[in-house]
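Residue numbers (our numbering): 4 to 131. Yeah, the Cβ is synthetic: ideal placement off N, Cα and C, and Gly gets one too.
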(Lines of atoms letter the chains of each structure in order from A; the text may use other names.)
(Lines give C-alpha, C1' and ligand atoms only; values in the text may rest on other atoms or scores of the structure.)
Protein backbone atom coordinates (compact mmCIF):
# COMPACT_ATOMS: atom_id res chain seq x y z
CA UNK A 4 0.00 0.00 0.00
CA UNK A 5 1.11 3.56 0.57
CA UNK A 6 1.17 6.48 -1.78
CA UNK A 7 1.99 6.11 -5.44
CA UNK A 8 5.11 8.11 -6.38
CA UNK A 9 3.39 9.70 -9.38
CA UNK A 10 0.40 10.77 -7.26
CA UNK A 11 2.75 12.22 -4.66
CA UNK A 12 4.61 14.21 -7.33
CA UNK A 13 1.36 15.46 -8.86
CA UNK A 14 -0.05 16.53 -5.50
CA UNK A 15 3.22 18.23 -4.55
CA UNK A 16 3.20 20.17 -7.82
CA UNK A 17 -0.38 21.33 -7.23
CA UNK A 18 0.31 22.37 -3.65
CA UNK A 19 3.44 24.21 -4.80
CA UNK A 20 1.60 25.96 -7.64
CA UNK A 21 -0.88 27.30 -5.08
CA UNK A 22 1.86 28.46 -2.70
CA UNK A 23 0.60 26.16 0.04
CA UNK A 24 2.57 26.08 3.28
CA UNK A 25 3.08 22.81 5.17
CA UNK A 26 0.36 23.89 7.62
CA UNK A 27 -2.06 24.56 4.74
CA UNK A 28 -1.24 21.20 3.15
CA UNK A 29 -1.96 19.46 6.43
CA UNK A 30 -5.28 21.31 6.76
CA UNK A 31 -6.24 20.39 3.18
CA UNK A 32 -5.49 16.71 3.82
CA UNK A 33 -7.53 16.74 7.04
CA UNK A 34 -10.43 18.39 5.19
CA UNK A 35 -10.22 15.87 2.34
CA UNK A 36 -10.21 12.99 4.83
CA UNK A 37 -13.16 14.39 6.76
CA UNK A 38 -15.42 14.53 3.70
CA UNK A 39 -14.35 11.18 2.28
CA UNK A 40 -14.25 8.79 5.24
CA UNK A 41 -14.23 5.28 3.85
CA UNK A 42 -14.22 6.52 0.26
CA UNK A 43 -11.27 5.96 -2.00
CA UNK A 44 -7.62 5.34 -1.30
CA UNK A 45 -4.96 7.49 0.33
CA UNK A 46 -3.94 8.44 -3.21
CA UNK A 47 -7.48 9.68 -3.92
CA UNK A 48 -7.56 11.63 -0.66
CA UNK A 49 -4.21 13.29 -1.36
CA UNK A 50 -5.28 14.32 -4.86
CA UNK A 51 -8.61 15.60 -3.51
CA UNK A 52 -6.68 17.72 -1.00
CA UNK A 53 -4.30 19.03 -3.67
CA UNK A 54 -7.16 19.86 -6.03
CA UNK A 55 -9.17 21.67 -3.36
CA UNK A 56 -6.43 23.80 -1.78
CA UNK A 57 -7.12 27.51 -1.79
CA UNK A 58 -3.77 29.22 -2.13
CA UNK A 59 -2.67 31.75 0.42
CA UNK A 60 -2.87 35.32 -0.77
CA UNK A 61 -0.84 36.69 2.11
CA UNK A 62 2.39 34.83 2.83
CA UNK A 63 2.98 37.17 5.77
CA UNK A 64 0.04 35.68 7.62
CA UNK A 65 1.34 32.17 6.92
CA UNK A 66 4.75 33.10 8.31
CA UNK A 67 3.19 34.75 11.35
CA UNK A 68 1.02 31.68 11.93
CA UNK A 69 4.05 29.38 11.80
CA UNK A 70 6.06 31.54 14.17
CA UNK A 71 3.17 32.03 16.59
CA UNK A 72 2.70 28.25 16.67
CA UNK A 73 6.37 27.90 17.64
CA UNK A 74 5.79 30.31 20.52
CA UNK A 75 3.13 27.98 21.92
CA UNK A 76 5.01 24.73 21.30
CA UNK A 77 6.19 23.26 24.60
CA UNK A 78 7.93 20.09 23.42
CA UNK A 79 10.74 19.69 20.93
CA UNK A 80 9.18 16.33 20.04
CA UNK A 81 6.52 18.30 18.16
CA UNK A 82 9.08 20.10 15.99
CA UNK A 83 9.71 18.56 12.56
CA UNK A 84 13.46 19.06 12.91
CA UNK A 85 13.53 16.68 15.90
CA UNK A 86 13.02 12.92 15.68
CA UNK A 87 9.67 12.18 17.35
CA UNK A 88 10.83 8.82 18.72
CA UNK A 89 14.24 9.76 20.11
CA UNK A 90 13.98 13.54 20.42
CA UNK A 91 17.30 13.90 18.58
CA UNK A 92 17.90 17.01 16.49
CA UNK A 93 17.85 16.30 12.74
CA UNK A 94 20.50 18.70 11.35
CA UNK A 95 19.70 17.77 7.72
CA UNK A 96 16.09 18.93 8.03
CA UNK A 97 15.32 21.56 5.37
CA UNK A 98 14.32 24.48 7.56
CA UNK A 99 11.93 27.05 6.01
CA UNK A 100 13.68 30.38 5.40
CA UNK A 101 11.48 32.25 7.88
CA UNK A 102 12.33 29.80 10.67
CA UNK A 103 16.10 29.46 10.08
CA UNK A 104 17.03 32.72 11.85
CA UNK A 105 15.40 31.67 15.10
CA UNK A 106 16.70 28.08 15.29
CA UNK A 107 20.22 27.19 16.40
CA UNK A 108 21.78 25.29 13.48
CA UNK A 109 23.81 23.00 15.74
CA UNK A 110 21.20 22.11 18.39
CA UNK A 111 17.79 22.85 16.87
CA UNK A 112 16.91 24.99 19.88
CA UNK A 113 14.54 27.91 19.33
CA UNK A 114 15.82 31.35 20.30
CA UNK A 115 12.69 32.45 22.17
CA UNK A 116 13.85 36.06 22.47
CA UNK A 117 14.46 36.38 18.71
CA UNK A 118 11.20 34.56 18.01
CA UNK A 119 9.29 37.02 20.20
CA UNK A 120 10.86 40.02 18.46
CA UNK A 121 10.08 38.61 15.02
CA UNK A 122 6.46 37.84 15.90
CA UNK A 123 5.91 41.33 17.33
CA UNK A 124 7.40 42.94 14.22
CA UNK A 125 5.21 40.84 11.93
CA UNK A 126 2.02 41.54 13.90
CA UNK A 127 2.27 45.20 13.02
CA UNK A 128 2.69 44.37 9.31
CA UNK A 129 0.29 41.46 8.79
CA UNK A 130 -3.47 41.63 8.71
CA UNK A 131 -4.96 38.51 10.27
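What residue from 7, 69, 25 has the CA that sits closest to residue 47's CA?
Distance from the Cα of residue 47 is smallest, within the candidate group 7, 69, 25, for 7.
Which one of 84, 70, 100 has the shortest CA to CA distance from residue 118?
Closest option to residue 118, Cα to Cα, is 70.
Option in 101, 112, 100 with minimal Cα separation from residue 93
Here the closest residue by C-alpha is 112.
Do you know whose CA, among 57, 63, 27, lies nearest residue 124's CA?
Nearest option by C-alpha distance: 63.
Of the residues 20, 40, 24, 88, which one's Cα is nearest the Cα of residue 101?
Here the closest residue by C-alpha is 24.
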